[in-house]
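69 is the number that the UniProt record's numbering gives to position 69 of the sequence shown; each next residue is one higher, with no gaps. C-beta atoms are modelled at their ideal positions from N, C-alpha and C, and glycine is treated no differently. In this text, all values refer to a predicted model and were calculated from it rather than measured experimentally. Please read the structure below before turning to the comments.
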Amino acid sequence: MRVNQYTRVLLTMQHDIKSSGRIRSIRNSGDLWLLVIAVYHFPNYFPKVMVAVDLLVESLSNQEEVELRAKIEALGIEVTKVPPKPSTNLDELQIAAELDKLSAKLDEVDQMISSAMAADPQVQSLLSSTADVWMPVITANADERRAFTVSENENNHEGFHSQ
Numbered sequence: 001m002r003v004n005q006y007t008r009v010l011l012t013m014q015h016d017i018k019s020s021g022r023i024r025s026i027r028n029s030g031d032l033w034l035l036v037i038a039v040y041h042f043p044n045y046f047p048k049v050m051v052a053v054d055l056l057v058e059s060l061s062n063q064e065e066v067e068l069r070a071k072i073e074a075l076g077i078e079v080t081k082v083p084p085k086p087s088t089n090l091d092e093l094q095i096a097a098e099l100d101k102l103s104a105k106l107d108e109v110d111q112m113i114s115s116a117m118a119a120d121p122q123v124q125s126l127l128s129s130t131a132d133v134w135m136p137v138i139t140a141n142a143d144e145r146r147a148f149t150v151s152e153n154e155n156n157h158e159g160f161h162s163q
């Protein structure tokens, strides 16, 4: 996928929200995953995207999704974090402690994904069919994440402001 595809998705959704207050451009779960993946590449636009997701989910279910909003907000906080470059060298005990923390977080994510896949077979299908797009983002090391952020900031996003 290319940046211009994400931009198209986000611009179309922004236009839908402005014109009708709803997102008509998402017609299937694949489009929704495109939106989620776009969040990884455009973290600065996360608040706008989350308004779009909230409106979409609530319009589809005809009810307010408080739990989903909380989960999306938590995801937003995680995807917009960029690990800082270490200012000092860590000793082996500090590295081991950090690895333990990361391992615990990965266990939590694994549990959430497993329960989502068990609850809905479509989730497993979507994750499998879109893995080539989201896996590089999730498995990126700190330097690669910084590169994602730098390249995102270098792109021209005037379209988002001129709509």
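Am I right that residue i and residue j are in contact with their C-beta atoms under 8 angstroms? What's the rounded C-beta distance?
| i | j | result |
| --- | --- | --- |
| Q111 | M117 | Going by Cβ atoms, the distance from Q111 to M117 rounds to 11 angstroms, so no, they are not a contact pair. |
Buried or exposed: where does residue i fall if 16 or more other Cβ atoms within 10 Å of its Cβ makes it buried?
| i | result |
| --- | --- |
| R2 | Reliability of the predicted coordinates at R2 is poor, the pLDDT of 46 falling under 50, and the value obtained from them is presented with this limitation in mind. The residue is exposed, with fewer than 16 neighbouring Cβ atoms inside 10 Å. |
| L126 | buried |
Along the chain, where does the alpha helix (DSSP H) that runs through residue i open and close?
| i | result |
| --- | --- |
| K105 | 92–119 |
If distances are taken between C-alpha atoms only, which option among the options comes closest to residue i?
| i | options | result |
| --- | --- | --- |
| I138 | E78, A70, K71 | E78 |
| E108 | A74, K85, L127, S128 | A74 |
| A142 | A70, K71, K81 | K81 |
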